[in-house]
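I have placed the structure first, in the form of structure tokens, so that the comments after it can refer back to it.
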Amino acid sequence: GLLANSYGDIGPSNSATAAQRAAYCAALIAVSAQADGSLTLVADGDKPAVDLPAVVRYGGLLASGGGGGESYTLPAATASTLGGVKVGTGLSVEADGT
Numbered sequence: 052g053l054l055a056n057s058y059g060d061i062g063p064s065n066s067a068t069a070a071q072r073a074a075y076c077a078a079l080i081a082v083s084a085q086a087d088g089s090l091t092l093v094a095d096g097d098k099p100a101v102d103l104p105a106v107v108r109y110g111g112l113l114a115s116g117g118g119g120g121e122s123y124t125l126p127a128a129t130a131s132t133l134g135g136v137k138v139g140t141g142l143s144v145e146a147d148g149t
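Quick note: the sequence shown, position 54, residue 105 per the working numbering, numbers continuous.
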């Protein structure tokens with residue numbers, strides 16, 4: 052399960068409607084705290100007026116970095132692993148990440 056020192060994030064689920072995705076984006080939801088088995092979320096933007104179906108993603112332990120903060124190495128994205136993708140020729144990314 053989710054640990055205090057593991058990577059934890061939340062986002063809208065694939066079943067979210069266009070209105071729910073728009074509300075999620077307008078809410079500016081962020082993780083404000085993390086402990087074993089829990090994430091605490093804040094809405095820094097508009098309070099959602101609709102229910103927001105969400106997916107919690109977690110994994111990989113955060114290691115102490117040399118600069119005093121925490122670091123995490125993002126794995127490469129594969130068919131079975133959520134990870135990072137390097138944007139290159141033939142792929143464009145909008146400011147909102149889509």
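Cβ atoms here follow ideal geometry from the backbone N, Cα and C, with glycine treated the same way.
What residues are listed by DSSP as bridge partners for residue i?
{"i": "L108", "result": "The sequence given here has Arg at residue 108, not Leu. DSSP lists D60 as partners of R108."}
{"i": "L90", "result": "Q85"}
{"i": "A127", "result": "G135"}
Which same chain residues end up closer than 6 Å to residue i when comparing Cβ atoms and leaving out the 5 residues on each side of it in sequence?
{"i": "A127", "result": "G134"}
{"i": "D60", "result": "R108"}
{"i": "T91", "result": "S83, A84"}
{"i": "V136", "result": "A128"}
{"i": "G119", "result": "For G119, the pLDDT reaches just 48, beneath the cut-off of 50, and the residue's location in the model is therefore unreliable, leaving the point undetermined."}
{"i": "L103", "result": "Q71, Y75"}
Please name the residue, chosen from the options, that lies closest to residue i on a Cα-to-Cα basis.
{"i": "P55", "options": "G88, A73, G62", "result": "First, the residue type needs correcting, since residue 55 is Ala and not Pro in the sequence shown. A55 has its Cα closest to that of G88, out of G88, A73, G62."}
{"i": "T132", "options": "L92, S143, Y109", "result": "Y109"}
{"i": "A75", "options": "G111, L125, S64", "result": "Residue 75 is actually Tyr in this sequence, not Ala. Nearest option by C-alpha distance: S64."}
{"i": "A105", "options": "S143, R72, T129, A84", "result": "R72"}
What's the gap between the Cα of residue i and the Cα of residue j?
{"i": "A70", "j": "P99", "result": "10 Å"}
{"i": "S66", "j": "A86", "result": "27 Å"}
{"i": "D97", "j": "T68", "result": "18 Å"}
{"i": "G62", "j": "G141", "result": "26 Å"}
CB-CB under 7 Å to residue i, same chain, minus the five flanking residues each way: which ones, in chain order?
{"i": "D95", "result": "L79, A81"}
{"i": "G52", "result": "G88"}
Just to confirm my understanding: we take residue i, look at its own chain, exclude 5 residues before and 5 after, and list those with CB closer than 8 Å. What are they?
{"i": "A130", "result": "none"}
{"i": "G139", "result": "none"}
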